[in-house]
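Before any comments, here is the structure.
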DNA sequence: TGCTGATTGACAGTATACTGACGATCTAGG
DNA sequence: CCTAGATCGTCAGTATACTGTCAATCAGCA
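Chains as they are written, first to last, in the numbering used here: chain X, 20 to 187; chain C, 20 to 187.
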């Protein structure tokens, strides 16, 4: 009769979760390297893009649009404000809410950093053949979408957001 | 003549780095849910496996075997020690080094948690068709391997480690 | 109108991550 | 043998993440 399977490092190396973690670390590392001239993290970059696309958004809705944790987002916003890339204004019709807008500095650095970010994104996929890059991205996008509800902060894209603003 | 491309949320949603981040968060979330009875994080689990596979390993070599940051690993080891899952003994021939071993508790919880971890790994891939799961994992493993040197702590697997211990 | 429940931003506590620095220690070379 | 350089563990500082909680505020309903 067979004995219990031995516990080996393959239980780590071949595990999807481990590969996702490794790849995320590599991606951040490459991003920071390509963008080191700009003093912006991947999270701060995504937040700037979202505020640029949705001027006057509030923190809670911002967290839904980029699927980042709301607690974490508080400090991200503080740092962006400290760097003078965004400003927060109280909403006149709801005293709980603070509206987010890009400053001129913020809009400017966003324009400047885009090429560097694109270089970073290209670099992290570069080791694969073009066809394989596309396959991997397609499957990963599917998997993330189908697992959307499994994360603490599910992604709520723009159109869904507008609906939320009125109905729920 | 064409104007500059507008900055939209696609610059975020379609970016590999963003998808890697999302997927990592989802993977951790599912892991914690399946393993909540065990009070172990993914990182702590990987460290336990590696210490089980390499009894008497030191912290620096451990970080190379699982490709985790050495600074971070210090606190991970402390927490595992506080939970009485591992113990640290000073090495007789090198006063800088502390050797890591599983305790009986550590070995026991490792045996018990394996099924839960396997459920978690299966669940995060479950939304894809079996063939697509395999394709995604194969490509991701390739990409991580080919980008190995791009991360702060490149993976040094077991055989490489033994060589390092003697030559470098 | 006044209470209930939901929402918003903020905070405390824990756990990864990375950068850079430090003292203690070891090793190799002169 | 003794010093220069490498290595080990540790720490301080910053930045994500998640859980849970809280006061202030708002919205809907009796």
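The C-beta atom is built at its ideal place from N, Cα and C for all residues, glycine as well.
Predicted, not measured: the structure shown is a model, and the values here were computed from it.
C-beta atoms of residue i and residue j nearer than 9 Å
{"i": "residue 67 of chain X", "j": "residue 121 of chain X", "result": "yes"}
{"i": "residue 147 of chain X", "j": "residue 158 of chain C", "result": "yes"}
{"i": "residue 40 of chain X", "j": "residue 46 of chain C", "result": "yes"}
{"i": "residue 48 of chain C", "j": "residue 171 of chain X", "result": "yes"}
{"i": "residue 84 of chain C", "j": "residue 51 of chain X", "result": "no"}
{"i": "residue 110 of chain C", "j": "residue 96 of chain C", "result": "no"}
{"i": "residue 98 of chain X", "j": "residue 44 of chain X", "result": "no"}
Beta bridge counterpart(s) of residue i as assigned by DSSP
{"i": "residue 106 of chain C", "result": "C:120"}
Which of helix, strand or coil DSSP assigns to residue i
{"i": "residue 115 of chain X", "result": "strand"}
{"i": "residue 96 of chain C", "result": "helix"}
{"i": "residue 76 of chain X", "result": "strand"}
{"i": "residue 45 of chain C", "result": "helix"}
{"i": "residue 175 of chain C", "result": "coil"}
{"i": "residue 35 of chain C", "result": "helix"}
{"i": "residue 25 of chain C", "result": "coil"}
{"i": "residue 170 of chain X", "result": "coil"}
{"i": "residue 59 of chain X", "result": "coil"}
{"i": "residue 148 of chain C", "result": "coil"}
{"i": "residue 126 of chain X", "result": "helix"}
{"i": "residue 10 of chain C", "result": "In the structure as shown, chain C begins at 20 and stops at 187. Residue 10 of chain C is therefore absent and cannot be evaluated."}
{"i": "residue 30 of chain C", "result": "helix"}
Partners in chain C for residue i, counting only beta-carbon separations shorter than 9 Å
{"i": "residue 171 of chain X", "result": "44 and 48"}
Assumed close pair residue i, residue j - CB separation to whole angstroms, cut-off 8 Å
{"i": "residue 125 of chain X", "j": "residue 105 of chain X", "result": "5 Å"}
{"i": "residue 81 of chain C", "j": "residue 70 of chain C", "result": "7 Å"}
{"i": "residue 143 of chain X", "j": "residue 36 of chain C", "result": "7 Å"}
{"i": "residue 57 of chain X", "j": "residue 135 of chain X", "result": "7 Å"}
{"i": "residue 54 of chain X", "j": "residue 128 of chain X", "result": "Actually they do not touch by this definition, with Cβ atoms about 10 Å apart."}
{"i": "residue 38 of chain C", "j": "residue 163 of chain X", "result": "6 Å"}
{"i": "residue 140 of chain X", "j": "residue 34 of chain C", "result": "5 Å"}
{"i": "residue 167 of chain X", "j": "residue 174 of chain X", "result": "6 Å"}
Listed by chain order, chain X residues near residue i by CB distance under 9 Å
{"i": "residue 80 of chain C", "result": "Simply none; closest approach about 13 Å."}
{"i": "residue 68 of chain C", "result": "26, 27, 28, 30 and 31"}
Within chain X, the residues that residue i reaches when beta carbons sit closer than 8 Å
{"i": "residue 93 of chain C", "result": "Those within 8 Å of residue 93 of chain C in chain X number zero; the least Cβ separation is about 17 Å."}
{"i": "residue 146 of chain C", "result": "161, 162, 165 and 166"}
{"i": "residue 103 of chain C", "result": "Chain X residues near residue 103 of chain C: none, gap ~19 Å exceeds 8 Å."}
{"i": "residue 122 of chain C", "result": "Under the 8 Å cutoff, chain X gives no residues; its nearest Cβ is about 16 Å from residue 122 of chain C."}
Beta-carbon neighbours of residue i, restricted to chain C and to distances below 7 Å
{"i": "residue 140 of chain X", "result": "34, 35 and 36"}
{"i": "residue 85 of chain X", "result": "31"}
{"i": "residue 27 of chain X", "result": "72"}
{"i": "residue 151 of chain X", "result": "158"}
Where residue i meets chain X, residues with beta-carbon distance less than 7 Å
{"i": "residue 119 of chain C", "result": "By Cβ distance, chain X contributes nothing, its closest Cβ being about 15 Å from residue 119 of chain C, past 7 Å."}
{"i": "residue 65 of chain C", "result": "31 and 37"}
{"i": "residue 58 of chain C", "result": "Within 7 Å Cβ-Cβ: nothing; residue 58 of chain C doesn't reach chain X, min ~17 Å."}
{"i": "residue 129 of chain C", "result": "26"}
Interface partners of residue i on chain C, CB under 8 Å
{"i": "residue 41 of chain X", "result": "86, 163, 170 and 174"}
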